[in-house]
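Q: Before we start, here is the structure in question, set down as structure tokens.
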Amino acid sequence: METPVLDLQICKTIDAGDNDDKSVELTSIGADLAPSGSAGIFIASCPSRARGICTVQGSVPLSPGESFKLRVLNLGTLGEIGIGLCALGEAQKQSITRDMVGWSRGEVGFHGDHGRSFVNGHGDQNQRSRPWSVGHEIECGLTAGANVYFKHSGEQFEQILEMPGRWQISLAYPTVTMRSSGSSVEIDLRGVEDKPLKDLLPHSGPDSSMRKGETSAQLRSASSALTLLTLFKRTVIAEEECQEGPGVTTLERWLAPWCCQSIEVDQAPTTIAA
Numbered sequence: 245m246e247t248p249v250l251d252l253q254i255c256k257t258i259d260a261g262d263n264d265d266k267s268v269e270l271t272s273i274g275a276d277l278a279p280s281g282s283a284g285i286f287i288a289s290c291p292s293r294a295r296g297i298c299t300v301q302g303s304v305p306l307s308p309g310e311s312f313k314l315r316v317l318n319l320g321t322l323g324e325i326g327i328g329l330c331a332l333g334e335a336q337k338q339s340i341t342r343d344m345v346g347w348s349r350g351e352v353g354f355h356g357d358h359g360r361s362f363v364n365g366h367g368d369q370n371q372r373s374r375p376w377s378v379g380h381e382i383e384c385g386l387t388a389g390a391n392v393y394f395k396h397s398g399e400q401f402e403q404i405l406e407m408p409g410r411w412q413i414s415l416a417y418p419t420v421t422m423r424s425s426g427s428s429v430e431i432d433l434r435g436v437e438d439k440p441l442k443d444l445l446p447h448s449g450p451d452s453s454m455r456k457g458e459t460s461a462q463l464r465s466a467s468s469a470l471t472l473l474t475l476f477k478r479t480v481i482a483e484e485e486c487q488e489g490p491g492v493t494t495l496e497r498w499l500a501p502w503c504c505q506s507i508e509v510d511q512a513p514t515t516i517a518a
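Take the sequence shown: its letter number 113 is residue 357 in this note's numbering, and every next letter is one higher.
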């Protein structure tokens, strides 16, 4: 039996700044999305008629030292709101069975209904915060060593999740999920620096370069990979130069086909060179 698909409109909101080529976009499935009036801040709401998961995802991945935040405006029916990081394109999945961020492999999430964090679908039973309340601010970011951390300001809660030595930046897109009808949050992306467009293209080389006179907005529209969300370019490491981190983790085994398209972050880079 085929999985039922929600007939939901994809909404894309662009941060209207002084330079349109330097905007950070949010794409949503099922959520009502609008700018809050301040550059880099958006309001996302899960409508009362919603079925399944309302998902919002940023167009630019986090780099080490960057973070984004949400502030709870309305808990909705059950307070099921999650913040975390996952791979590009998860906001485009319209399946009614779409999980909350952190429930699937390759994802990290922190959920407000019970204050637990999840890595690759496994919840942390030992450390948790209290459930989120209206007005609480939650922060998700990457440390200088590319480990994921969450802060719950309302409870002064902080947790650092040790990630594999080889962490794929392509998995670190800021993501918010909501499963409670009527829930709404304010999403603050001001801690995420937009990357130059040339570094956001899926491939390097002449075919991915802008033609003379072509604007980045036109290039985004012309490229199917950039239509909804922008793909962060991976740094390719020759197979013979690949080195395993401290043990082969479950995550690395899952990512084996892309093992040699990740970057080493033991000495955390501030930029990724072509």
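We put the CB at the ideal spot given by N, CA and C, even for glycine.
What residues match up with R315 in a beta bridge as DSSP calls it?
A: Its beta-bridge partners are E381, E430.
Q: Less than 7 Å separating the beta-carbons of Y417 and P279?
A: No, the pair does not count as a contact, with Cβ atoms beyond the cut-off.
Q: I'd like the list of long-range same chain contacts for G309, defined as Cβ closer than 6 Å, with 5 residues on each side in sequence excluded.
A: Cβ neighbours of G309 beyond the five flanking positions: A388.
Q: Just mark I404 as buried or exposed, buried being the case when its beta carbon has 16 or more other beta carbons within 10 Å.
A: Answer is exposed; the Cβ neighbour count stays below 16.
Q: For G328, which residues of its own chain have a beta-carbon under 7 Å away from its beta-carbon, when the five flanking residues on both sides are left out?
A: Closer than 7 Å at Cβ, skipping near neighbours: V345, G346, E351, V352, G353, F354, C384, T419.
Q: Once you ignore the five residues that flank K395 on each side, which residues in its own chain have a CB closer than 6 Å to its CB?
A: Taken in chain order, the residues that qualify are E383, E402.
Q: Quick check on P450: does DSSP put it in helix, strand or coil?
A: Confidence at P450 is low in this model, with a pLDDT of 32, below 50, so its placement is unreliable and no value can be given for it.
Q: Consult DSSP for L415 and reduce its assignment to one of helix, strand or coil.
A: Helix.
Q: In its own chain, which residues sit with a C-beta less than 8 Å from the C-beta of I285, not counting the 5 before and 5 after it?
A: P279, E430, I431, D432, L433, R434, listed in sequence order.
Q: Apart from the five residues just before and just after S292, which ones in its own chain have a Cβ nearer than 8 Å to its Cβ?
A: Correct list, in chain order: S425, G426.
Q: What does the Cβ neighbour count give for R349, buried or exposed, with the cut at 16 atoms within 10 Å?
A: Under this definition R349 is an exposed residue.
Q: Over the uninterrupted beta strand (DSSP E) stretch that includes I325, give me the two end residues.
A: That run of the beta strand (DSSP E) goes 325 to 330.
Q: Given that a residue counts as buried once 16 or more other Cβ atoms are within 10 Å of its Cβ, and exposed if not, what is E437?
A: That one is exposed.
Q: Please say whether L270 and S428 have beta carbons closer to each other than 7 Å?
A: No.
Q: Give me the Cα-Cα distance between E381 and E324, rounded to the nearest whole angstrom.
A: Whole-angstrom Cα-Cα distance: 15 Å.
Q: Quick one: what's Q400 bridged to in DSSP?
A: None; Q400 has no bridge partner.
Q: When the Cα of T421 is compared with those of S361, V300, Q400, which residue comes out closest?
A: Out of S361, V300, Q400, V300 has the C-alpha closest to the C-alpha of T421.
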